[in-house]
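*Asks:* For what it's worth, the working numbering labels the leading residue of the first sequence as 3, then goes sequentially.
Glycine included, every Cβ here is placed at the ideal spot set by N, Cα and C.
For clarity, every value in this text was computed on a predicted model and none was experimentally measured.
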Amino acid sequence: MPATVSPPASITALTLRAAELGGMTLAQLAARVAVPVPASQIRHKGWTGELLERALGAHSGSRPEPDFAHLGVELKTLPVNARGRPRESTYICVAALDGRAQSWEASLVRQKLACVLWVPVEAGPSLPLGERRVGTPFLWRPTAEDERQLRSDWEEIMEAVAIGRLDQISARQGRWLQLRPKAANARAQTPGFTDDGSPGATLPRGFYLRSLFTAQLLARRGGAQPPTTAAI
DNA sequence: AGCTGATCATAT
DNA sequence: ATATGATCAGCT
Numbered sequence: 003m004p005a006t007v008s009p010p011a012s013i014t015a016l017t018l019r020a021a022e023l024g025g026m027t028l029a030q031l032a033a034r035v036a037v038p039v040p041a042s043q044i045r046h047k048g049w050t051g052e053l054l055e056r057a058l059g060a061h062s063g064s065r066p067e068p069d070f071a072h073l074g075v076e077l078k079t080l081p082v083n084a085r086g087r088p089r090e091s092t093y094i095c096v097a098a099l100d101g102r103a104q105s106w107e108a109s110l111v112r113q114k115l116a117c118v119l120w121v122p123v124e125a126g127p128s129l130p131l132g133e134r135r136v137g138t139p140f141l142w143r144p145t146a147e148d149e150r151q152l153r154s155d156w157e158e159i160m161e162a163v164a165i166g167r168l169d170q171i172s173a174r175q176g177r178w179l180q181l182r183p184k185a186a187n188a189r190a191q192t193p194g195f196t197d198d199g200s201p202g203a204t205l206p207r208g209f210y211l212r213s214l215f216t217a218q219l220l221a222r223r224g225g226a227q228p229p230t231t232a233a234i
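1. Would you say Trp142 and Val118 are within 8 Å of each other, going by their C-beta atoms?
2. At a cut-off of 7 Å, is Pro9 close to the ligand ADP when judged by its beta-carbon and the heavy atoms of the ligand?
3. Restricting to Cα atoms, I'd like to know which of Asp198, Val75 and Leu115 is closest to Ile165.
4. On the DSSP bridge assignment, give the partners of Gln180 in chain order.
5. Which residues in the same chain have their Cβ closer than 7 Å to the Cβ of Asp155, if we skip the five residues on either side of it in sequence?
6. Near Thr230, what residues of its chain come up, given a Cβ to Cβ distance below 8 Å and the 5 sequence neighbours on each side ignored?
7. Using a Cβ-Cβ cutoff of less than 6 Å, which residues in the same chain neighbour Val39 once the five nearest sequence positions on both sides are dropped?
8. Going by the beta-carbon positions, is the gap between Arg19 and Leu73 smaller than 8 Å?
9. Taking only runs of the alpha helix (DSSP H) that begin and end inside the stretch 68 to 140, which ones reach a length of at least 4 residues, in chain order?
10. Output the distance between the C-alpha atoms of Ala84 and Ala41, rounded to the nearest integer angstrom.
11. Within the continuous alpha helix (DSSP H) that includes Gly51, where are the two ends?
12. If contacts are defined as beta-carbon pairs under 8 Å, then Pro139 and Ala21 qualify, I think. What distance do you get, rounded to the angstrom?
13. Output needed for Ser8: all residues of its chain with C-beta closer than 7 Å, excluding positions within five of it in sequence on either side, in chain order.
14. Taking the C-alpha atoms as reference points, what is the distance between Ala108 and Glu161?
15. Could you spell out where the alpha helix (DSSP H) holding Ala29 opens and where it closes?
16. So, for Val35: in the same chain, excluding its five sequence neighbours on each side, which residues have a beta-carbon less than 6 Å away from its beta-carbon?
17. Let me confirm a value: Thr214 is counted as buried when at least 16 other C-beta atoms fall within 10 Å, else exposed. Which label applies?
18. Quick one: what's Thr204 bridged to in DSSP?
19. Could you check if Ala71 is buried or exposed, using at least 16 other CB atoms within 10 Å of its CB as the buried criterion?
20. Is it buried or exposed for Gly48, if we count other Cβ within 10 angstroms and need 16 for buried?
21. For the stretch 201 to 216 and the stretch 86 to 103, state whether three or more C-beta atom pairs, one from each stretch, are separated by less than 8 Å.
22. Using DSSP bridges, identify the partner residues of Trp142.
23. Going by beta carbon distance, what residues of the same chain come within less than 6 Å of Leu54, once the five residues before and after it are set aside?
24. Going by alpha carbons, who is nearest to Glu90 out of Arg223, Leu219 and Arg212?
25. Residue range of the alpha helix (DSSP H) that Ala21 falls in?
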């Protein structure tokens, strides 16, 4: 039975709590909240993220709200390699593909990224799950420049969606933000447009932050890290 | 090696 | 099916 951690009362309490996790291994964290460490992530892809949620007192489950709704903070783990570079893009949210008009201001992408607590975690197939260590968490709010760039990509992608040309969009589009499949499998369906541009079911897709973007956040954060976690 | 498209688990 | 958490795996 997993142990329960109470929700942090403030952003300050949250960041302090997060800072204390820096340097810990996932095995130590798992023991603290009493959850087992899987042998592999192949069938537990979201395990690290869910572990951090528990450890920090988030418990929104799969509900469509921020992890720390009362604080307006979203929690995102960031898998990094031995050199401290992001190993993967970061999933943000699903995209509405039905062509209804949307504005950047009211977009889910903008809401999701309004305030994010990033938690770097060592990752890689050669590093056993339990031995991976938590890096130095940091709170991020998009700067005006961050938002300008994300908005530019979002609008370009959504313009193609709005005219029903889902077939013209690929993950190659977008400098910082991209649209990629987000589904149980390639047969999944959601309202959208078929390849000929007519209304119909299509593959669900989601917005992802390219690793180049998160790499810049890590670099911007800068600062000295403990020797053993020099890279993260 | 990096990237794109596909996939896995769980809760609602 | 939608939304949460992401990583896998084949191709360039």
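*Replies:* Walking through what the data contain:
1. yes
2. You won't find the ligand ADP in this model; it holds no ligand whatsoever.
3. Asp198
4. Tyr210
5. Gly176, Arg177, Trp178 and Leu179
6. Only weak support is given to the placement of Thr230: the predicted model assigns it a pLDDT of 49, under 50, and the question is left unresolved by the model.
7. Ala29, Ala32, Leu131 and Gly132
8. no
9. 110 to 114
10. 20 Å
11. Trp49 to Leu58
12. 6 Å
13. Gly59
14. 15 Å
15. Leu28 to Arg34
16. Pro4, Ala5, Arg56 and Ala57
17. The displayed chain sequence assigns Leu, not Thr, to residue 214. By the neighbour-count rule (16 or more Cβ atoms within 10 Å), Leu214 is not buried but exposed.
18. Thr192
19. exposed
20. exposed
21. yes
22. Val118
23. Thr79 and Val121
24. Arg212
25. Ile13 to Leu23
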